[in-house]
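By this note's numbering, the letter at position 59 of the sequence shown is numbered 59, and the numbering carries on one by one without gaps.
The next block holds one structure in the form of structure tokens; read it before the comments.
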Amino acid sequence: MFSSKLLYAAALVLLPLVVALFGLSFLSALLLVIALLFVRWLGVMAALSGKSKAPEITLTSIGVSHFVEKVRWCLDRLGLEYRERRAAGTLGAFYLGRTVPVLNFRTGRVTSSIGNSPEILRYLWGRYSVERPEAAAFLEPTPERLELEAELDRYGRNLQIWVYYHLLPEKELMLRAWGAYDRTVPAWQRGLVRLLHPVQAYMIRRAFGVSPPRYEKARQHIETLLEDLNGRLAEQPNSLLGDTVQNYTDLSFAALSSPWFLPENFAGQESAVLEYEELPAGMREDIERFKTAYPDAYAFIERLYKTERGVSVTTS
Ligand SMILES: N[C@@H](CCC(=O)N[C@@H](CS)C(=O)NCC(=O)O)C(=O)O
């Protein structure tokens, strides 16, 4: 339930309190420090000796992240086996300074990590274009794909503002989106995110500058992108860049659209994390507009989710 690194960090933080609480002598405190360092060293040696049970690939995620979905989809397309380690939303960002997705993978005897979805996809391409050239071809980062990916990632950030504008006032929906009821999230994190909800909501509001004008600007950016992609797809329905074979930008567009597309069985969860019917009216209005004003983009996302993820939508 707790990772060994986390337990070790907690022990370090609690050590001075233990010393103060029990009025330990200098010698006893020194022995405690040496014991902790010894435990840490044993962990390091176990990892180096190859006896560590760390899986080949682990994806650090939160339940509803569309940036995680972008990477998850590419891992699945590559046919890789990986484990997902799901955390509660917002805790990692504000207390550990890390965003999700993070890809952790064994490199020889050590485990390495990369954060930020574009960098993760570059790593996957670098490694698997050699190991599995055919399967990895969709990840080739051509200049056009990189340019489109940057635009898509911007769309993903605007969608964060869009989601938070609509959902921050809805405590229960927000908690659900942060994984407070997801049993694959460690229980202590579920409890913590519930306890800290007002603080987390405040920090999110500040971090994203969530406000009516900011929402309006984000919605306009979202619609500008949807309009552009809708136009491209009306002419070339198979792929955003007109390729015969879909590439990672196509999957990224579908994945990053998940906050409004609301796929069922998102991220292997048994039902949609948030149901269309329970969303605030303003959010539903926006979703209806995205669907009806950009039908080719919507149909493209729907088709990709159906054919590649075996799921249908909940927005009808
Ligand atoms: N540029 C980053 C953005 C990642 C991002 O913003 N992730 C959000 C979730 S969608 C996050 O980590 N939120 C903090 C948290 O929930 O701990 C990427 O492409 O990976």
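Each residue gets a CB set at the ideal place from its N, CA and C atoms; glycine is no exception.
Let me make sure I understand the geometry here. Which of Asp228, Ile204, Gly191, Phe253 has the alpha-carbon closest to that of Val71?
Against the sequence shown, residue 71 aligns to sequence position 71. Considering only alpha carbons, the answer is Phe253.
Taking the straight line between their C-alpha atoms, what separation do you get for Leu192 and Leu226?
Position 192 of the sequence shown holds residue 192. Position 226 of the sequence shown holds residue 226. Cα-Cα distance, rounded: 37 Å.
Enumerate in chain order the residues of its own chain whose CB-to-CB distance from Leu175 is below 8 Å, with the five nearest sequence positions on each side excluded.
Taking the first residue of the sequence shown as position 1, residue 175 is located at position 175. Around Leu175: Tyr181, Val193, Arg194, His197.
Only counting the same chain, and skipping five residues up and downstream in sequence, which positions put a Cβ closer than 7 Å to that of Gln189?
To locate residue 189, count along the sequence shown from 1; it is residue 189. Excluding positions up to five away in sequence, the list reads Ala87, Ala88, Leu91.
In this structure, does DSSP put Ala29 in helix, strand or coil?
The residue you call residue 29 lines up with position 29 of the sequence shown. Residue state, collapsed to three classes: helix.
Quick check: the Cα distance between Val163 and Pro259, rounded to an integer number of angstroms?
As a working mapping, residue 163 is identified with position 163 in the sequence shown. As a working mapping, residue 259 is identified with position 259 in the sequence shown. Cα to Cα, the separation comes out at about 7 Å.
Given that a residue counts as buried once 16 or more other Cβ atoms are within 10 Å of its Cβ, and exposed if not, what is Thr315?
Indexing the sequence shown from 1 puts residue 315 at position 315. Residue placement at Thr315 is poorly supported in this model, since its pLDDT is 34, which falls under 50; the coordinates are not used for a value here.
To the nearest angstrom, report how far apart Gln200 and Val273 are at their CA atoms.
One-based indexing of the sequence shown puts residue 200 at position 200. One-based indexing of the sequence shown puts residue 273 at position 273. Their backbone Cα atoms lie some 19 Å apart in a straight line.
Below 8 Å on the Cβ atoms is my contact criterion, and I expect Tyr276 with Leu256 to pass it. Report the Cβ-Cβ distance as a whole number of Å.
Counted from its first residue, the sequence shown places residue 276 at position 276. Counted from its first residue, the sequence shown places residue 256 at position 256. In fact, because the Cβ distance is near 18 Å, the residues do not count as touching under 8 Å.
Please go through the same chain and pick out, in chain order, the residues whose beta-carbon is closer than 7 Å to the beta-carbon of Glu294, but skip the five residues on each side of it.
As a working mapping, residue 294 is identified with position 294 in the sequence shown. It should be pointed out that residue 294 corresponds to Tyr in this sequence rather than to Glu. Closer than 7 Å at Cβ, skipping near neighbours: Leu226, Glu227, Asn230.
Can you list the alpha helix (DSSP H) stretches of 4 or more residues lying completely in the region 47-128, in chain order?
66-78, all fully within the region 47-128.
Could you give the DSSP three-state label for Pro263: helix, strand or coil?
On the sequence shown, residue 263 is found 263 positions in, with the first residue counted as 1. Correct three-state label for Pro263: strand.
Count Cβ pairs between the region 148-163 and the region 210-221 that sit closer than 8 Å; are there 3 or more?
Enough Cβ pairs lie closer than 8 Å, so yes.
Have a look at Glu147 and Trp178 and give me their C-alpha separation to the nearest angstrom.
Residue mapping note: residue 147 aligns to position 147 of the sequence shown, counting from 1. Residue mapping note: residue 178 aligns to position 178 of the sequence shown, counting from 1. Cα to Cα, Glu147 sits roughly 31 Å from Trp178.
Among Ala297, Phe22, Ala46, which one has its Cα closest to the Cα of Val110?
On the sequence shown, residue 110 is found 110 positions in, with the first residue counted as 1. Per the Cα distances, Ala46.
Should Tyr128 go down as buried or exposed, given a rule of 16 or more other Cβ atoms within 10 Å for buried?
Translated into the one-based positions of the sequence shown, residue 128 becomes position 128. Burial call: buried.
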